[in-house]
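Under this note's numbering, residues 143 to 669 are what the sequence shown spells out, in order.
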Amino acid sequence: MTIETMPAPASRPVPPGAVAAMVAGVVAAGVALAAGELAAAFITGAPSPLIAVGAQVIDLAPPGSKDLMVSLFGTNDKVALNVVVLVAVLLAGAAIGLVARRSSLLASLAIVALVGVGTLAALRDPTASALNVLLSAALQVAAGLLALETLVEAARPRPETPGRPGGADDARRGFLVKAGALGVLAFVGQSIGRALVEGRAAAAANANLAIPGTVDPAPSIAPDNTFDIAGITPLVIPNDEFYRIDTALVTPSVDVATWTLRVFGMVDREVTLTFDRLVELPLIERYVTISCVSNEVGGDLLGNAKWTGVRLTDVLDMAGVQAGATQVVPRSVDGWAAGFPTDWVTAPERPRDAMIAVKMNGEPLPVTHGFPARLIVPGLYGYVSATKWLKEIELTTWEAFDSYWVPRGWSKTGPILTQSRIDLPKPNALHRTGDTIQVAGVAWAMDRGVSKVEIRVDNGEWQPATLATALGPQTWVQWRFAWQAVPGRHTFWVRATDGTGVPQEERVTRPDPDGARGYHSVSVQVD
Ligand SMILES: Nc1nc2c(c(=O)[nH]1)N[C@H]1C(S)=C(S)[C@@H](COP(=O)(O)O)O[C@H]1N2
Ligand SMILES: [Mo]
């Protein structure tokens, strides 16, 4: 008996090579992901598994991980998170491909498990419907299994057919064509799904909004409110340049026709308002500067806009706030919550005109800034007050609830600190001896107002800057200071004093837990 005559075990086909198997697994995982993204676009209540996993990562980040959380999810953090999750899924796919060389049953189970992780995360999304999440899961499993099966089969080495040289090359080419085609399909499907989901939010916000006229308009901006200096921060930030911070990995899309605002908890009667009923209440218009607590000294996570909306107290009065309801908790459609002291907005001796805003700089709220309604509370950082995509307002006690960022290491109270920023000159700019250097920027102490801004050059005396006329205590104010350049390297320092006479704190602190302290400075070179 010779080796050649030994029958090959029929039940055990030759496994594909390791590399081909990994490619097959990665592509299969990608195909399953694409199915999830497309399902998210076409089936309501079936959120994208990729995004749902990202959201859980954010949610489950341990309270101690302050460093991670200091950046409070600007756009870049979200992209990075998405990429990390995506890479993790594709790596899992590669592992599944290796498993598939030994046992197709185990590999199938691994695909089910991988989809299961995304499904569990999606089920925790407040906009999810369990049935549709399961439907999406079934589609993902089916697509993933089909892709894996097809590719593993195609990757098996073919025995060389006598008289037909090049059979192995043909097989390899066949595998590559199939893997490439499925990979492209997965990429295109995923992109289309994601674009449709983002497009839905924009489309919802383009719906025709009937917002009545304002009964209490903001005073118009006068020439003395601004300085005509190129490069200084504009007094009002246009909507498309306004900073954006939130935990939402996809912009929530709200159908204004079915949107309601519910006020409940420690109230005499629960109130539910449709959008039309809400804007029947008197509309006020105010310039208010809002700021993120994560703003670093000299940073740009703040902005001033003209907000139009309904006084929060008008809505609270409809519900009748009960004695002892010491905390207002505004929640969003995606389950995010702020929380602030009730008396911050109800104190009659200090009318702050907190509002449920429906317009920003005269336009309906942009989707990224909370369409169709958000809260604007003068004097408080966004994370404790400025709920976007507002859905409900709960009245409770101060002790009964901690809002989203509090267990994650941020202060429970969030009054905006007095701060100032140098916009000009730009850091390390070159100047000539004898030039008049225009030093200019903005200063803010929302709620208290700014009474004074001072500049120090190097280790000199503090000297007063010239202030523009502030729009009011709830907005930032522009300032400027002219300096005759002398040779050398020079540093400008700025500090503001609030309307109660208290100067900005010099001691430097991190943004967490309650806002960054310290003076902003800019250095220049004079030749
Ligand atoms: N629904 C929701 N609203 C939110 C947040 C959020 O994560 N989710 N972040 C808050 C924070 S931390 C800030 S600083 C402001 C930012 O508002 P903007 O994006 O309109 O500038 O929104 C607040 N409202
Ligand atoms: Mo923030």
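Glycine included, every Cβ here is placed at the ideal spot set by N, Cα and C.
Can you give me the start and stop residues for the beta strand (DSSP E) that residue i sits inside?
| i | result |
| --- | --- |
| E596 | 592-599 |
| L273 | Careful: L273 lies outside any beta strand (DSSP E), inside the alpha helix (DSSP H) at 272-297. |
| D640 | 630-640 |
| T402 | 402-407 |
| T538 | 532-538 |
| D565 | 561-566 |
| V668 | 662-668 |
| V470 | 469-474 |
| W604 | 604-606 |
Mark residue i as exposed unless 16 or more other C-beta atoms lie within 10 angstroms of its C-beta, in which case mark it buried.
| i | result |
| --- | --- |
| G657 | buried |
| N350 | exposed |
| V526 | buried |
| D370 | exposed |
| P376 | exposed |
| A624 | exposed |
| E536 | buried |
| Q605 | exposed |
| V440 | Contrary to the premise, residue 440 reads as Gly rather than Val in this sequence. Its Cβ being crowded by 16 or more others within 10 Å, G440 is buried. |
| S184 | The sequence as given places Phe at residue 184; Ser does not occur at that position. F184 is exposed by the Cβ-count criterion. |
| N437 | buried |
| A343 | buried |
| E603 | exposed |
| S474 | buried |
| G235 | buried |
| K533 | buried |
| P549 | exposed |
| L273 | exposed |
| D312 | exposed |
Tell me, please, which residues DSSP counts as bridged to residue i.
| i | result |
| --- | --- |
| T450 | E427, K501 |
| A624 | Q580 |
| L522 | P557 |
| V619 | A585 |
| D358 | I426 |
| L223 | DSSP output for L223 lists no bridge partner at all. |
| T651 | R659 |
| H573 | V668 |
Name the two residues that bound the continuous alpha helix (DSSP H) containing residue i.
| i | result |
| --- | --- |
| G258 | 246-265 |
| P191 | 191-202 |
| L415 | Here L415 belongs to no alpha helix (DSSP H); instead the beta strand (DSSP E) covers 413-416. |
| L175 | 160-184 |
| V581 | Note, V581: premise wrong, no alpha helix (DSSP H); beta strand (DSSP E) at 578-586. |
| D442 | Looking at the DSSP string, D442 is not in any alpha helix (DSSP H), and its letter there is neither H nor E. |
| W547 | Element bounds for W547: n/a, residue is neither H nor E. |
| V487 | 484-488 |
Am I right that residue i and residue j are in contact with their C-beta atoms under 8 Å? What's the rounded C-beta distance?
| i | j | result |
| --- | --- | --- |
| W449 | T389 | W449 to T389, Cβ: 22 Å. No contact. |
| T468 | T539 | 5 Å |
| T455 | V487 | 6 Å |
| E596 | A612 | That belief does not hold up - the Cβ atoms of E596 and A612 are roughly 16 Å apart, past 8 Å. |
| M502 | N381 | 6 Å |
| P638 | V592 | It should be pointed out that residue 638 corresponds to Ala in this sequence rather than to Pro. The Cβ separation is near 5 Å, so the contact holds. |
| L288 | A321 | The pair is not a contact, with the Cβ atoms about 14 Å apart (cut-off 8 Å). |
| N446 | W621 | Between W621 and N446 the Cβ distance is about 14 Å, and since that is not below 8 Å, they are no contact. |
| A270 | A264 | 6 Å |
| V430 | P361 | Incorrect: roughly 14 Å between the Cβ atoms, too far for contact. |
Compute every distance between the C-beta of residue i and the non-hydrogen atoms of ligand 3, then say whether any falls below 6 Å.
| i | result |
| --- | --- |
| G196 | Ligand 3 is not among the ligands present in this structure, which contains only ligand 1 and ligand 2. |
Using a Cβ-Cβ distance under 7 Å, would residue i count as near chain D?
| i | result |
| --- | --- |
| W604 | Included in the structure is just one protein chain, with no chain D present. |
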